[in-house]
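To keep things clear, I will list the structure first and then write my remarks on it.
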Amino acid sequence: MAGHSKWNNIQGRKNAQDSKRGKIFQKISREIYMAVKKGGPDPNMNPLLRMVIDKAKSNNMPNDNIDRAIKKGSSSTENENYDEVTYEGYGPNGVAVLVHSLTDNLNRTGTNIRVAFNKNGGAMGEKGSVSYMFERKGYIAIEREGLDVDEDTMLMSVLEAGGEELEASDDVFEIYTDPSEFADVRDVLKKEGYNLAKAEVTMIPQTTVELPEDKQEIFEQMLDKLEDDDDVSEVFHNAE
């Protein structure tokens, strides 16, 4: 992870994500629904559901929305079914892109994803063409503004909590964990009084690709098109 700042990408996409808050809630509700169908409505007994609820809370999804999605998934009268599909491809300048989706119509979703790539300087890839460039990790961001903690103190807190790596910049501490340790690390840091600006299990690129300035606009258009699709739950890339 050294040298890669996920926080830069999060901040760079923040306004675009904020404008789609309602759609994001709708997508997470679908993930909660499927998690409940797979493992039951109790997050203490269903790790997948617990993880999706964490994602919902990190996106400031209201508790009422979360509860409704859990109840819907628990209902015996609800029989919606979605396939989990990951699409892989390349953006402008060879940027690797992973697209996770939950869909009830594979043909529709596949066509939409292909169009988003092809019309915005990219191309779909075969299964496995870019996924090897990413690693699943727990990720926690703690903003440094108003925080009277130096890097050595934070590193000690992270390691004692079970975290793997700390990256520090002037603006933020970025913490990486094994996915299985993520919840424990997050909870320990919360108990120590840290305010977590972001906490999620995500895909981290192992290498990054510089995107020339003249390619940035069309790449943003690609991301917007992908993220705007109702069937797309998450989009990851390795652009700097």
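17 is the number of the first residue of the sequence shown in my numbering; add one for each residue after it.
The C-beta atom is built at its ideal place from N, Cα and C for all residues, glycine as well.
The structure displayed is predicted, hence computed values, not measured ones.
Let me know if residue i comes out buried or exposed under the rule of 16 or more other beta-carbons within 10 Å of its beta-carbon.
i    : result
P59  : buried
N128 : buried
E47  : buried
E233 : exposed
L205 : buried
V146 : buried
P228 : exposed
E142 : exposed
May I have the straight-line CA-CA distance separating residue i from residue j, to the nearest angstrom?
i    : j    : result
D260 : D246 : Residue 260 is absent from the model: the chain starts at 17 and stops at 256.
D186 : E167 : 10 Å
R202 : I156 : 7 Å
M50  : G89  : 7 Å
K231 : M170 : 37 Å
A112 : R130 : 14 Å
R66  : M238 : 31 Å
N62  : E100 : 18 Å
K36  : L175 : 36 Å
E161 : K22  : 18 Å
Specify the secondary structure class of residue i as computed by DSSP and reduced to three states.
i    : result
S117 : strand
Y103 : strand
Between residue i and residue j, how many whole angstroms is the CB-CB distance? I'm expecting something under 8 Å.
i    : j    : result
V217 : G154 : 5 Å
I44  : M77  : 6 Å
D80  : N97  : That belief does not hold up - the Cβ atoms of D80 and N97 are roughly 25 Å apart, past 8 Å.
L114 : E104 : 6 Å
N123 : K241 : Between K241 and N123 the Cβ distance is about 18 Å, and since that is not below 8 Å, they are no contact.
Segments assigned alpha helix (DSSP H), at least 4 residues, entirely inside the segment 172 to 251:
198 to 207, 229 to 244
What are the complete beta strand (DSSP E) segments, minimum 3 residues, inside the segment 133 to 160?
150 to 159
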